[in-house]
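A.B. asks: Supplied in C-alpha cells, the structure appears directly below.
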Amino acid sequence: MTQLPQWKGTALARNEVRPVIKLKSTAGTGYTYVTRKNRRNDPDRLTLRKYDPTIRRHVLFREER
1 MTQLPQWKGT ALARNEVRPV IKLKSTAGTG YTYVTRKNRR NDPDRLTLRK
51 YDPTIRRHVL FREER
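Letter 37 of the sequence shown, counting from 1, is numbered 37 in full-length UniProt numbering, and no numbers are missing.
Right, dumping it as C-alpha cells:
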C-alpha cells in the first residue's frame, strides 16, 4: 500500500504568504485577471496597468478582496 506525503491535508506556508488575488478592471467591463501576490512585500492593495480585451486598451486593474 502506498503512503501519502506527510504534508498532505495541511496548509502550506506559501498559501498564507502568497495568496491568490483577483485584479478587476477599473474600466467597468468586469474583466478580471487572477494572480498571486506577496503579502510581506505588498501589504497594500495592488494596482497594475494591464490589457483589457473587452475594450481593447490598457487600463488600471485593482486588487479586489
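Cβ coordinates follow ideal geometry from the N, Cα and C atoms, glycine included. In this text, all values refer to a predicted model and were calculated from it rather than measured experimentally.
1. Report the rounded CA-to-CA distance for I55 versus G28, giving the unit in angstroms.
2. Where do the N-terminal and C-terminal ends of the beta strand (DSSP E) with D44 fall, by residue?
3. Tell me whether D52 is buried or exposed, calling it buried when 16 or more other Cβ atoms sit within 10 Å of its Cβ.
4. Closest by CA to P43, which one among R65, H58, R49?
C.D. replies: Judging by the given coordinates:
1. 10 Å
2. Careful: D44 lies outside any beta strand (DSSP E) and carries neither H nor E.
3. buried
4. R65
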